[in-house]
Amino acid sequence: TVIIGELPPGDTAGGYAFTPESLMVTVGETVTWINEDDREHVIIGDGIPASLPLRPGESYSVIFNRSGRFSYHSIEELEEPGSPRGEVFAYY
Numbered sequence: 007t008v009i010i011g012e013l014p015p016g017d018t019a020g021g022y023a024f025t026p027e028s029l030m031v032t033v034g035e036t037v038t039w040i041n042e043d044d045r046e047h048v049i050i051g052d053g054i055p056a057s058l059p060l061r062p063g064e065s066y067s068v069i070f071n072r073s074g075r076f077s078y079h080s081i082e083e084l085e086e087p088g089s090p091r092g093e094v095f096a097y098y
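Structural data, given as structure tokens:
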């Protein structure tokens with residue numbers, strides 16, 4: 007499970023974070039993103055189908071059927087430098 011949420015108190019960057027930023031799973035496992043932020047997010051990435059907009063409290067799941075490194079981000083943040091990104095490593 008990956009939580010999409012606010013940055014820790016005291017972080018001056020603002021915005022949101024993926025927790026954890028990287029995740030290791032075996033091929034065939036499901037990864038679920040849960041939006042605990044206060045705004046919508048669309049998850050998209052290399053080899054990861056784009057989610058519908060996830061409103062606060064909604065989730066999105068993907069089954070990783072092949073091995074590899076899969077990077078992802080929230081599409082609304084794509085244009086902002088330094089926007090959070092995450093990775094899923096799927097292995098046999």
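Our numbering applies: residue 7 is where the sequence shown begins, and numbers increase by one.
Where is the CB? At the ideal position from N, CA and C, for every residue including glycine.
- I10 is positioned such that its CB atom lies closer than 8 Å to that of W39.
- Contact check for Y22 against E35 fails: the beta carbons are separated by 8 Å or more.
- Contact check for S28 against G51 fails: the beta carbons are separated by 8 Å or more.
- Residue burial is scored here from C-beta neighbours: S57 has at least 16 other C-beta atoms within 10 angstroms and is therefore classed as buried.
- If you ignore the 5 residues before and after D44, its C-beta comes within less than 8 Å of the C-beta of E12 and P62, all in its own chain and listed in chain order.
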